[in-house]
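The structure appears right after this line, and notes come after that.
There are 2 protein chains.
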Amino acid sequence: MNNEKDRVTIYQVAKAAGVSLATVSRVINKQGSVTPATRKKVEDTIASLGYRPSGLAQALATNRTTNIGVVIPSANYVYIANFLNGITDVAKEKGYSLTLFSTSHSREEALQMIEKVISSHVDGAIIFDDQLDSEDISHIASYNVPAVVIDQKVSGEKVANVLFNYDAILDQTIKRYYSRRGDKKMSFLHVHNAGRLLAHAEKKFIKAHEEMGKDYAIINCDDSYTRTYNYFCEYFKTNRKGFFIAYRDSIAAAVLNAATDSGLNVPKDVEVMSLVGTKYAHIVRPTLTTFSIDMNEVGKRAMYMLTDLLNHSLVEKTAKFDAELVRGGSTIDRSGSDPDYR
Amino acid sequence: MNNEKDRVTIYQVAKAAGVSLATVSRVINKQGSVTPATRKKVEDTIASLGYRPSGLAQALATNRTTNIGVVIPSANYVYIANFLNGITDVAKEKGYSLTLFSTSHSREEALQMIEKVISSHVDGAIIFDDQLDSEDISHIASYNVPAVVIDQKVSGEKVANVLFNYDAILDQTIKRYYSRRGDKKMSFLHVHNAGRLLAHAEKKFIKAHEEMGKDYAIINCDDSYTRTYNYFCEYFKTNRKGFFIAYRDSIAAAVLNAATDSGLNVPKDVEVMSLVGTKYAHIVRPTLTTFSIDMNEVGKRAMYMLTDLLNHSLVEKTAKFDAELVRGGSTIDRSGSDPDYR
DNA sequence: GAACTATTTGTAAGCGCTTCCAACAAAAAT
DNA sequence: ATTTTTGTTGGAAGCGCTTACAAATAGTTC
Numbered sequence: 449m450n451n452e453k454d455r456v457t458i459y460q461v462a463k464a465a466g467v468s469l470a471t472v473s474r475v476i477n478k479q480g481s482v483t484p485a486t487r488k489k490v491e492d493t494i495a496s497l498g499y500r501p502s503g504l505a506q507a508l509a510t511n512r513t514t515n516i517g518v519v520i521p522s523a524n525y526v527y528i529a530n531f532l533n534g535i536t537d538v539a540k541e542k543g544y545s546l547t548l549f550s551t552s553h554s555r556e557e558a559l560q561m562i563e564k565v566i567s568s569h570v571d572g573a574i575i576f577d578d579q580l581d582s583e584d585i586s587h588i589a590s591y592n593v594p595a596v597v598i599d600q601k602v603s604g605e606k607v608a609n610v611l612f613n614y615d616a617i618l619d620q621t622i623k624r625y626y627s628r629r630g631d632k633k634m635s636f637l638h639v640h641n642a643g644r645l646l647a648h649a650e651k652k653f654i655k656a657h658e659e660m661g662k663d664y665a666i667i668n669c670d671d672s673y674t675r676t677y678n679y680f681c682e683y684f685k686t687n688r689k690g691f692f693i694a695y696r697d698s699i700a701a702a703v704l705n706a707a708t709d710s711g712l713n714v715p716k717d718v719e720v721m722s723l724v725g726t727k728y729a730h731i732v733r734p735t736l737t738t739f740s741i742d743m744n745e746v747g748k749r750a751m752y753m754l755t756d757l758l759n760h761s762l763v764e765k766t767a768k769f770d771a772e773l774v775r776g777g778s779t780i781d782r783s784g785s786d787p788d789y790r
Numbered sequence: 449m450n451n452e453k454d455r456v457t458i459y460q461v462a463k464a465a466g467v468s469l470a471t472v473s474r475v476i477n478k479q480g481s482v483t484p485a486t487r488k489k490v491e492d493t494i495a496s497l498g499y500r501p502s503g504l505a506q507a508l509a510t511n512r513t514t515n516i517g518v519v520i521p522s523a524n525y526v527y528i529a530n531f532l533n534g535i536t537d538v539a540k541e542k543g544y545s546l547t548l549f550s551t552s553h554s555r556e557e558a559l560q561m562i563e564k565v566i567s568s569h570v571d572g573a574i575i576f577d578d579q580l581d582s583e584d585i586s587h588i589a590s591y592n593v594p595a596v597v598i599d600q601k602v603s604g605e606k607v608a609n610v611l612f613n614y615d616a617i618l619d620q621t622i623k624r625y626y627s628r629r630g631d632k633k634m635s636f637l638h639v640h641n642a643g644r645l646l647a648h649a650e651k652k653f654i655k656a657h658e659e660m661g662k663d664y665a666i667i668n669c670d671d672s673y674t675r676t677y678n679y680f681c682e683y684f685k686t687n688r689k690g691f692f693i694a695y696r697d698s699i700a701a702a703v704l705n706a707a708t709d710s711g712l713n714v715p716k717d718v719e720v721m722s723l724v725g726t727k728y729a730h731i732v733r734p735t736l737t738t739f740s741i742d743m744n745e746v747g748k749r750a751m752y753m754l755t756d757l758l759n760h761s762l763v764e765k766t767a768k769f770d771a772e773l774v775r776g777g778s779t780i781d782r783s784g785s786d787p788d789y790r
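The listed protein sequences derive, respectively, from chains A and B.
Counting in the numbering used here, the first sequence runs from 449 upward without gaps.
Counting in the numbering used here, the second sequence runs from 449 upward without gaps.
Structure, rendered in structure tokens:
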């Protein structure tokens, strides 16, 4: 064992074992034929010298890094952390490392990260960003970096897509709401820069309302629990009723708590729900109704698709995840006989 | 712009610009002297060829990767995500990338990850693991990988430490509880494999009780919100009173919700608090009392320490974070005149 | 304008590994 | 005993870059 010494190289191992570089390389890569005797000899000197192959040099020589770049807005959202977790599990199974690129919801930073991904020489990338358009992203494909793009359709030979589908369930939920006894005005919580998914849902929300000729509101709010909570505490001083749809459940939780803390009853006076559902939705009381997609599964799926892409064995280049309605106590169940509604 | 072509190398740039490799290298690294005229010429051909230096080759040649390895149990905990977020911010500021190594709370995997960190040729590492002992970790230092170790004292020339201090506040809180009107039996929620921090706190908890001659309980529970919630729903059928200390706030939230949902009053019948405090603590009702440390700050600090370590400018090799008592409504405030206790 | 210095550029040797190809030895076939 | 086949090794080039060091050019000074 060497302590505080310079890195042991394959050359030193070869010398110590009395063989050539090539032979050592063969035993560490377990390929090519080596006599059991010499293999053992080499393995022993590797162990006694404490040799570790340099991933860098290997990568340069083989043109494979076994490294995947992951582009996300920030690790600080639970749904992103879930997504990351899914990726991590599969990456470990498949022997890949992950390099994180976080864009902080800024288009500029996102572009910069894409550049970084390209020069960082990753074998592939998973891109879950909400600021770039498909042209920005297809740029990465032109540099021969296989990529799986989340929540966006980007085409290219080495690009696969994971798409979310909130449309159907959102539309259906809104229409059912009005067709039963929906007596509250619906509001959609708009968050600046929250990205495509939200923007798309917002459009659907508006469209559904216009189709039904119903009045609605768009409320601008902050992507922060505390600020949203404070805002709604103020809001509920004058507005004592409403149905709110937020992007993330932690924002919905802010509305819910503000309502409860303002002496309102959820769901009688105020109904709330969100698109993204994480553990927050289960922890609040009443629990939150969400249109949910399991982000852990999305991460896993994305990583599987990427490894298939790298092995040229990916057949279906687009995966679609349909949001499911997960009922909580924050809305009134309007299905069937409405047992909860008195 | 080249599309779908092989990587453009520095050699091609040199040739196209009619200069030598060395000159191109000088302009991309902005060092050594180059005539403005040739610089421009080179920059132009770089742009027109769409050349990007290979980080890999640079790293191999300079022996610097500008890459930091981050070892964590899992990204799926909010406090870890917060920590990661702090690291990310500083890393971006300092121009480092992050490679993630997740150990899944397994000692075996953790050891494996340490090996990976070593051969991945990172410039440094931040290690927040709960399974390894200091000997395991000091192993990494012997391979000349500068490291900042979280929540553990590891010594070595190139090792720095970030330590947490829950002892004082925990001891003080327990003793104050009994010296005022603490009438409920205290229980500590033990989670298998949750690591050092918890184990240490548990010891302190027991010690404080023995010093005061008070009865206490250790409850084994799962590191999962749902399972803990179910367990305590059962538990509260027969036990209608108690003071519970959990490790993470989401576990504490499970106890809190189970109590409320069982018709108990928090904090009158059941008091709950946790060591780690995240957004969960603010979202539940009543809010949770926690012994909190701002993990985002911990991440930032760790990364600053690491960059200083890499620049040989780190003076204080140990940083200590004291946990603060953050009062929520899940416990009865026993300071002063106990206004909430009627 | 010669002698010298400062600045800009090119040459070539690595960084630590893989891998093709040739060389050789041992086993099998004739 | 000789040729062919199979299996095991070593030599050497190359992955894309950096960086002494040498060479060449331009700029000073007397």
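All residues carry an ideal CB built from backbone N, CA and C; glycine is no exception.
Below-9 Å beta-carbon distance, residue i vs any chain A residue
i: Ser545(B); result: yes
i: Lys488(B); result: no
i: Ala649(B); result: no
i: Asn592(B); result: yes
i: Leu532(B); result: yes
i: Arg782(B); result: no
i: Phe636(B); result: no
i: Glu452(B); result: For Glu452(B), the predicted structure reports a pLDDT of 40, less than 50, and the residue's modelled location is therefore unreliable. A value from the coordinates is still provided. Judged by the 9 Å Cβ criterion, Glu452(B) is in contact with chain A.
i: Gly690(B); result: no
Chain-ordered neighbours of residue i on chain A, where CB pairs are closer than 8 Å
i: Asn613(B); result: The premise fails here: Asn613(B) is roughly 25 Å from chain A at the closest Cβ pair, so nothing lies under 8 Å.
i: Thr536(B); result: Ser522, Ala523, Leu548 and Ser550
i: Ala465(B); result: In chain order: nothing, as chain A lies at least about 19 Å away.
Chain-ordered neighbours of residue i on chain B, where CB pairs are closer than 8 Å
i: Lys564(A); result: Ser545
i: Gly776(A); result: Result: empty, since nearest Cβ-Cβ is about 13 Å, beyond 8 Å.
i: His730(A); result: Tyr673 and Thr674
is_contact[residue i, chain B] using C-beta, thresh 9 Å
i: Tyr664(A); result: no
i: Glu557(A); result: yes
i: Pro501(A); result: yes
i: His569(A); result: yes
i: Arg749(A); result: no
i: Gly643(A); result: no
i: Arg455(A); result: yes
i: Gly572(A); result: no
i: Lys540(A); result: yes
i: Asn515(A); result: yes
i: Gly791(A); result: Past the boundaries of the shown model lies residue 791(A); chain A is included only from 449 to 790, so the question cannot be answered.
First through last residue of the alpha helix (DSSP H) which encompasses residue i
i: Val526(B); result: Val526 to Lys542
i: Phe680(B); result: Tyr673 to Thr686
i: Ile585(A); result: Ser582 to Ser590
i: Gly747(A); result: Met743 to Leu758
i: Val565(B); result: Arg555 to Ser567
Chain-ordered neighbours of residue i on chain B, where CB pairs are closer than 9 Å
i: Arg512(A); result: Within chain B, no residue comes near Arg512(A); the closest Cβ sits about 10 Å away, beyond 9 Å.
i: Val639(A); result: By Cβ distance, chain B contributes nothing, its closest Cβ being about 17 Å from Val639(A), past 9 Å.
Listed by chain order, chain A residues near residue i by CB distance under 9 Å
i: Ser733(B); result: A small correction: the amino acid at residue 733(B) is Arg; Ser does not occupy that position in the sequence shown. By Cβ distance, chain A contributes Asn705, Thr708, Asp709, Val732 and Arg733.
Sheet register partners of residue i (DSSP bridge)
i: His638(A); result: Asn668(A)
i: Ala707(B); result: None, per the DSSP bridge assignment.
i: Ile654(B); result: BP columns for Ile654(B) are empty, so no partner.
i: Thr737(B); result: Met721(B)
i: Ala595(A); result: Ala573(A) and Val607(A)
i: Lys768(B); result: Leu611(B)
Where residue i meets chain B, residues with beta-carbon distance less than 7 Å
i: Lys727(A); result: Tyr673 and Ser698
i: Ala701(A); result: Ile731
Residue i - containing beta strand (DSSP E), residue span
i: Thr621(B); result: It is not in any beta strand (DSSP E) - Thr621(B) instead sits in the alpha helix (DSSP H) that spans Asp615 to Ser627.
i: Ser722(A); result: Val718 to Val724
i: Ser545(A); result: Ser545 to Ser550
i: Arg696(B); result: Gly690 to Arg696
i: Leu712(A); result: No beta strand (DSSP E) contains Leu712(A), which DSSP labels as neither H nor E.
i: Val456(A); result: First-last for Val456(A): undefined, no H or E at that position.
Listed by chain order, chain A residues near residue i by CB distance under 7 Å
i: Val596(B); result: Per Cβ cutoff of 7 Å: no residues; Val596(B) is ~17 Å from chain A at best.
i: Ala529(B); result: Ala523, Asn524 and Ala529
i: Ala505(B); result: Leu508
* Completely contained beta strand (DSSP E) runs for the region 465-522 of chain B, where each covers 3 or more residues -> 515-520
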